[in-house]
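The next block holds one structure in the form of structure tokens; read it before the comments.
Number of protein chains: 2
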Amino acid sequence: MTSPSRPRNGSSRPSSEKSARTPKRVAGMAAGTPSDIPKKTVYRLSLYLRCLGLMVANRESIVSSAALASVAGVQPAQLRRDLAACGPLGKRGTGYEVVLLRNRLEEILRRASLQAVILVGAGNLGQALLSYKGFAREGFEIVAAFDQRPPKTRAGKIPVQTMSRMLPVITKGGIRMAILCVPGAAAQRVADQLVEAGIHAILNFSPTVLHLPETVAVNHVNLAIELENLSYFAR
Amino acid sequence: MTSPSRPRNGSSRPSSEKSARTPKRVAGMAAGTPSDIPKKTVYRLSLYLRCLGLMVANRESIVSSAALASVAGVQPAQLRRDLAACGPLGKRGTGYEVVLLRNRLEEILRRASLQAVILVGAGNLGQALLSYKGFAREGFEIVAAFDQRPPKTRAGKIPVQTMSRMLPVITKGGIRMAILCVPGAAAQRVADQLVEAGIHAILNFSPTVLHLPETVAVNHVNLAIELENLSYFAR
DNA sequence: TAGATTGTTAATCGATTAACAATC
DNA sequence: TAGATTGTTAATCGATTAACAATC
Numbered sequence: 001m002t003s004p005s006r007p008r009n010g011s012s013r014p015s016s017e018k019s020a021r022t023p024k025r026v027a028g029m030a031a032g033t034p035s036d037i038p039k040k041t042v043y044r045l046s047l048y049l050r051c052l053g054l055m056v057a058n059r060e061s062i063v064s065s066a067a068l069a070s071v072a073g074v075q076p077a078q079l080r081r082d083l084a085a086c087g088p089l090g091k092r093g094t095g096y097e098v099v100l101l102r103n104r105l106e107e108i109l110r111r112a113s114l115q116a117v118i119l120v121g122a123g124n125l126g127q128a129l130l131s132y133k134g135f136a137r138e139g140f141e142i143v144a145a146f147d148q149r150p151p152k153t154r155a156g157k158i159p160v161q162t163m164s165r166m167l168p169v170i171t172k173g174g175i176r177m178a179i180l181c182v183p184g185a186a187a188q189r190v191a192d193q194l195v196e197a198g199i200h201a202i203l204n205f206s207p208t209v210l211h212l213p214e215t216v217a218v219n220h221v222n223l224a225i226e227l228e229n230l231s232y233f234a235r
Numbered sequence: 001m002t003s004p005s006r007p008r009n010g011s012s013r014p015s016s017e018k019s020a021r022t023p024k025r026v027a028g029m030a031a032g033t034p035s036d037i038p039k040k041t042v043y044r045l046s047l048y049l050r051c052l053g054l055m056v057a058n059r060e061s062i063v064s065s066a067a068l069a070s071v072a073g074v075q076p077a078q079l080r081r082d083l084a085a086c087g088p089l090g091k092r093g094t095g096y097e098v099v100l101l102r103n104r105l106e107e108i109l110r111r112a113s114l115q116a117v118i119l120v121g122a123g124n125l126g127q128a129l130l131s132y133k134g135f136a137r138e139g140f141e142i143v144a145a146f147d148q149r150p151p152k153t154r155a156g157k158i159p160v161q162t163m164s165r166m167l168p169v170i171t172k173g174g175i176r177m178a179i180l181c182v183p184g185a186a187a188q189r190v191a192d193q194l195v196e197a198g199i200h201a202i203l204n205f206s207p208t209v210l211h212l213p214e215t216v217a218v219n220h221v222n223l224a225i226e227l228e229n230l231s232y233f234a235r
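Going down the list, the protein sequences come from chains A and B. Quick note: the first sequence, position 87, residue 87 per the numbering used here, numbers continuous. Quick note: the second sequence, position 219, residue 219 per the numbering used here, numbers continuous.
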């Protein structure tokens, strides 16, 4: 919808997410990236990247695995193992060059380009996320929003369109990622439509477990379950 | 702040969360609950509970591990193992009684009582969450909200108070859970204050890894990282 | 009883950690 | 060189799955 200042990412190659039997790895990456990084490691790489951002801001030039691990809240051995999966990045006896390491992680996580995302379901949570500026800050742009019945009031600067516009917008824009916030009862149906239209990754806020082809990546965020889980352990 | 219709939960006994070395179990529970359920299992119990809710609505009376597992997106063996951790609940040769199983899970997850929660940090995301009705629907009530500089406009019906009010409100209300949405730079400091004031569980949306005593449960939700993770696998 | 399905044990798998040789 | 710290291997740990005896 809008034209971002950073270039968009037009890439290929889908991959899988935790589905019962599949190994939790991803094979076949774009050139320059290690071929096989476990999902949990990728997640932690994002974490390390954020810690490194702080260190760059603090003008720190070298960091040891012990120091970075402590900030990130992991064991040094795990950090080294995770980073080793990205190729040899440190200098024995010295540590890691902060800027170099950050750049490499950004490269691996493809942070160079602005990623176009659509949001589907502009109910309570959907509107909340629409007005959340955190995504933009991290390189994601919500380029369009859809709802069965678009609300009159618009939360952010993005207009909410009727759901029937979804297919053309996805196709025309070559969009690959979607944030799903529809009610649980509609989630599977809408997700099927999204995949049909060409979406390869879904961040699912709906309280429903989606059954989709393994080629589609799905991450599930359920705020109620997070709280419920906490409340169990908070006694 | 408001007086909920369901009774509040006044309980004791804190417990730990994933900290480097601790076993990912929880020892010592209130009466009537199995003593030792792994964290990941507790998480999935919430999932099963939601699936069972649908089945109750559909008037299904019996469900097999195979059927429930399929809906929840897990393996039947895993489901049986998870449920077995809650005591013997099924009938061999038959399956599980839907209502009975749901009731038992609600009991274990303490869904009977309305849980009081405070929200700290009413910036972009904080305000969004304040206006999110999903929490209430699942038995959590945000009873107060705080910010360094309370915004003039109030998002929901909860007024945002200045941060200095935090301690008295937590103490007086006997609040045990908090949702943390302050900027990364302030997160650790505010978290320390919360723990000091008596908070035992924190749902942390701030982009900072918190270092807290093991007696405090922390769940971390980072929307940007979720998206970044997806974008890695979406090719 | 025969058929079905749980609860549980043993086997597998994957992820984390400790330890140390390589090397800066 | 001596000291430090990585990259990596081997050991440990925990979680998942397969298989089956118990039993409804």
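The beta carbon of each residue, even a glycine, is placed where N, CA and C say it ideally should be. Predicted, not measured: the structure shown is a model, and the values here were computed from it.
Check	Outcome
C-beta contact flag for Tyr132(B) and Asn124(A) at 8 Å	yes
Test: Gly134(B) CB closer than 8 Å to a CB of chain A	yes
Cβ of Leu274(B) within 8 Å of any chain A Cβ	Absent from the structure is residue 274(B), since the part of chain B shown begins at 1 and ends at 235.
Residue of Gly173(B), Gln148(B), Val98(B) minimising C-alpha distance to Arg189(B)	Gln148(B)
Chain A contacts from the region 41-61 of chain B (Cβ-Cβ distance under 9 Å)	Val42, Tyr43, Leu45, Ser46, Leu47, Leu49, Arg50, Cys51, Leu54
Thr208(A) classed as buried or exposed, judged by whether at least 16 other C-beta atoms fall within 10 angstroms	buried
Within chain A, partners of Ser231(B) - CB distance below 7 Å	Arg110, Gln115, Met177, Ala201
Cβ neighbours of Tyr166(A) in the same chain (closer than 8 Å, five flanking residues each side left out)	Sequence check: residue 166(A) is Met here, not Tyr. The answer, listed in chain order, is Ile118, Val120, Phe146, Gln193, Leu194, Ala197.
Boundaries of the beta strand (DSSP E) in which Val218(A) is found, first to last residue	217-220
Coarse secondary structure for Phe135(A), derived from DSSP in three states	helix
Nearest residue (CA-CA) to Ala186(B), options Lys172(B), His211(B), Met177(B), Lys152(B)	His211(B)
Beta-carbon proximity of Glu260(B) to Glu138(A), cut-off 8 Å	This structure does not reach residue 260(B), given that chain B is present from 1 up to 235, and the question cannot be answered.
Among Ala84(A), Arg111(A), Pro38(A), nearest to Leu49(A) - alpha-carbon criterion	Arg111(A)
8 Å Cβ cutoff met for Arg80(B) and Ser65(B)	yes
Host beta strand (DSSP E) of Leu180(A) (start-end)	177-180
Partners in chain A for Pro150(B), counting only beta-carbon separations shorter than 8 Å	Within chain A, no residue comes near Pro150(B); the closest Cβ sits about 18 Å away, beyond 8 Å.
Cβ neighbours of Gln75(A) in the same chain (closer than 7 Å, five flanking residues each side left out)	Ala69
Whole runs of the alpha helix (DSSP H) within the region 97-170 of chain B, excluding any shorter than 4 residues	98-108, 124-130, 134-137
Beta-carbon proximity check, Val160(B) vs Pro150(B), cutoff 8 Å	yes
Cutoff 8 Å: Ser206(B) Cβ touching any chain A Cβ	no
Presumed contact (8 Å Cβ cut-off) between Leu89(A) and Ala201(B), rounded CB distance	About 36 Å separates the two Cβ atoms, so there is no contact after all.
Cross-strand partners of Ala234(B) (DSSP beta bridge)	In the DSSP output, where bridge partners are listed per residue, Ala234(B) has none listed.
Counted within 10 angstroms of its Cβ, other Cβ atoms place Lys172(A) as buried (16 or more) or exposed	exposed
Cutoff 8 Å: Gly173(A) Cβ touching any chain B Cβ	no
Below-8 Å beta-carbon distance, Ser65(B) vs any chain A residue	no
Distance between beta carbons of Leu223(A) and Cys181(A), contact taken as under 8 Å	Not a contact, Cβ separation roughly 11 Å.
Candidates Ile199(B), Val218(B), Arg235(B), of which the one nearest Val216(A) by Cα	Arg235(B)
Run of the alpha helix (DSSP H) containing Ala186(B), from where it starts to where it stops	184-197
Close-in-space but distant-in-sequence residues of the same chain around Ser12(A) (CB under 7 Å, 5 per side omitted)	With a pLDDT of 31 at Ser12(A), under the threshold of 50, the predicted position of this residue should be treated as unreliable, though the coordinate-derived value follows. For Ser12(A), where only same-chain residues beyond five positions count, there are no Cβ hits under 7 Å.
Rounded Cβ spacing between Val218(B) and Glu226(A) (contact assumed at less than 8 Å)	Val218(B) to Glu226(A), Cβ: 11 Å. No contact.
Buried or exposed by the 16-neighbour rule on C-beta atoms within 10 Å, applied to Gly134(A)	buried
Boundaries (first-last residue) of the beta strand (DSSP E) holding Leu283(B)	There is simply no residue 283(B) to check, as chain B begins at 1 and stops at 235 in what is shown.
Distance, Pro38(A) Cα to Leu83(B) Cα	29 Å
Closest by C-alpha distance to Arg92(A), when choosing among Ile170(A), Gly73(A), Val63(A)	Val63(A)
C-beta contact flag for Arg102(A) and Leu52(A) at 8 Å	yes
Check whether Ile199(B) and Met177(B) have beta carbons under 8 Å apart	yes
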